[in-house]
Amino acid sequence: MQQFSDPDHLRTAARGWRREGRRIGFVPTMGNLHEGHLSLLRRAAAECDVALLSVYVNPKQFGPQEDFANYPRTLAEDLALAASAGCSDVFVPTDATIYPPGFATSVTVAGLTEPLCGRSRPGHFAGVTTVVAKLFCLVVPDRAYFGEKDYQQLQVIRRLTADLGLGTEVVGCPIVREADGLAMSSRNRYLNPAERAAAVCLSRAIAAAQRVAADGADAAETILAAAQIVLARQPLARIDYLELVNPETLQPLARLDRPARLILAVQVGPARLLDNGPIEPAESKPGPLLSLS
Ligand code: PAF
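Just remember that the working numbering sits 1 ahead of the position in the sequence shown, which is counted from 1.
Set out below in structure tokens:
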């Protein structure tokens, strides 16, 4: 596996790959890789000639009271895992090379960044889109792979890429879950055993909402109530948001008259956990329900 830290060296290598007609698959991450990230890397390696991983804990996407300082940094383990998943190249930049002195540019996407996490984490998405735009300009990937666990981020990056005509195909990949249904996330490691057991309430809430929709409920209020009941039973969980939204615009829906997305953020102990799942109207062909043990 070839490792780059200097953006200029990466840009030169990427130009060479393109000249040779090699397709570049890119997986941007903040490291602390888990099975979710590895599924993206495996897909990049299967579909492209170059499977490039970036590992960079981006300070601009953390608020002042958030977990930037404590965010898990596990580069040695990450490199070993990435190699095992077929990664060919890794970019590990420093703050000084991503945001050199005088850096004054911010890339923002309007609309999609305003609801949900945008309300709870002001400035977060501007940090994400600024760094992703910078990485995409450097690498010019053919395909970039993002997990659906960060569903709003995925939609925002699709918008960014389309609006700026970056020419990269943004590939959304399914959420990878633990055996009990908890969506894999680097922040799961903040949970103590009691909180880890409680955290399963997010996927159970989605499953409950999917069940009432499959049984014919079409009022958002009813579908959300089914999820709320599950979350309310868990004393360690505090809902940040729980919404039934249009999967593309992320605007709240009052009725389930088309396929929708249930999307939620829940604080469990020190970790703010995200999850989401499809909610289908009863009369349309149902997608796979979340299978829980
Ligand atoms: O999803 C993440 O890990 C980050 O938000 C990303 C896309 C790598 C940007 O820092």
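All residues carry an ideal CB built from backbone N, CA and C; glycine is no exception.
{"Item": "I'd like to check one pair, Leu203 with Asp276: are the Cβ atoms closer than 8 angstroms?", "Value": "yes"}
{"Item": "Cβ of Pro73 within 8 angstroms of Cβ of Ser186?", "Value": "no"}
{"Item": "Between Pro282, Arg20 and Glu196, which lies nearest to Val141 when the distance is taken from Cα to Cα?", "Value": "Arg20"}
{"Item": "Excluding five sequence neighbours on each side, which residues of the same chain lie with their C-beta closer than 6 angstroms to the C-beta of Val267?", "Value": "Leu203, Ala238, Ile240 and Leu274"}
{"Item": "Please look up how many angstroms separate the CB atoms of Val110 and Val157, rounded, as I've assumed it's under 8 angstroms.", "Value": "5 angstroms"}
{"Item": "Report the option in Asp9, Leu291 and Pro248 whose CA atom is closest to the CA atom of Leu117.", "Value": "Pro248"}
{"Item": "The ligand PAF heavy atoms versus the CB of Val140: any closer than 7 angstroms?", "Value": "no"}
{"Item": "Take the Cβ of Asp90 as the centre, count every other Cβ of all protein chains shown within 10 Å, and call the residue buried at 16 or more, exposed below.", "Value": "buried"}
{"Item": "Taking the beta carbon of Met1 as the centre, do at least 16 other beta carbons fall within 10 Å, making it buried, or is it exposed?", "Value": "No answer is possible for residue 1: it lies beyond the span of the chain, which begins at 2 and ends at 294."}
{"Item": "Taking the beta strand (DSSP E) that Cys138 falls in, what are its first and last residues?", "Value": "Counting along the chain, Cys138 falls outside any beta strand (DSSP E), though it belongs to the alpha helix (DSSP H) covering His125 to Val140."}
{"Item": "Considering only heavy atoms of the ligand COA, does any lie closer than 7 angstroms to the CB of Thr30?", "Value": "Looking for the ligand COA in the displayed structure turns up nothing; the ligands present are the ligand PAF."}
{"Item": "Any heavy atom of the ligand PAF closer than 7 angstroms to the CB of Asn59?", "Value": "yes"}
{"Item": "Closest by CA to Gln1, which one among Gly112, Ala195, Leu192 and Asp164?", "Value": "Since the displayed the chain opens at 2 and closes at 294, residue 1 lies outside it and no answer follows."}
{"Item": "With H, G and I counted as helix, E and B as strand and the rest as coil, what does DSSP make of Val213?", "Value": "helix"}
{"Item": "Kindly indicate which three-state DSSP category Gln4 falls into: helix, strand or coil?", "Value": "strand"}
{"Item": "Helix, strand or coil, according to DSSP, for Tyr57 in the structure here?", "Value": "coil"}
{"Item": "Let me know the secondary structure DSSP gives Asn277 once reduced to three states.", "Value": "strand"}
{"Item": "I'd like the span of the alpha helix (DSSP H) that includes Asp79, first residue to last.", "Value": "Leu76 to Ser85"}
{"Item": "Under 6 angstroms Cβ to Cβ from Ala145, same chain only, skipping five residues before and after it: list those, please.", "Value": "Phe27, Thr169 and Val171"}
{"Item": "Ala184 and Lys150 look like a contact to me (Cβ under 8 angstroms); what is the Cβ gap, rounded to whole Å?", "Value": "5 angstroms"}
{"Item": "Out of Leu254, Asn193 and Pro101, state which residue places its alpha-carbon closest to the alpha-carbon of Thr223.", "Value": "Leu254"}
{"Item": "Does at least one heavy atom of the ligand PAF sit under 7 angstroms from the Cβ of Gln62?", "Value": "yes"}
{"Item": "Less than 8 angstroms between the CB atoms is what I'm expecting for Ala209 and Ala283, so what's the real figure, rounded?", "Value": "Between Ala283 and Ala209 the Cβ distance is about 15 angstroms, and since that is not below 8 angstroms, they are no contact."}
{"Item": "Given this structure, state the Cα-to-Cα distance separating Arg212 from Phe126, to the nearest angstrom.", "Value": "32 angstroms"}
{"Item": "In angstroms with no decimal places, state the Cα-to-Cα distance between Gly173 and Ser40.", "Value": "11 angstroms"}
{"Item": "Counting C-beta neighbours from all protein chains within 10 Å, is the total for Ile230 16 or more, i.e. buried, or is it exposed?", "Value": "exposed"}
{"Item": "Grab the span of the alpha helix (DSSP H) containing Gly32 for me, first residue to last.", "Value": "Neither: Gly32 is in no alpha helix (DSSP H) and is coded neither H nor E."}
{"Item": "Going by DSSP, name the residue or residues bridged to Ala266.", "Value": "Tyr242 and Leu275"}
{"Item": "So, is Asn193 buried or exposed, given that buried needs 16 or more other C-beta atoms within 10 angstroms?", "Value": "exposed"}
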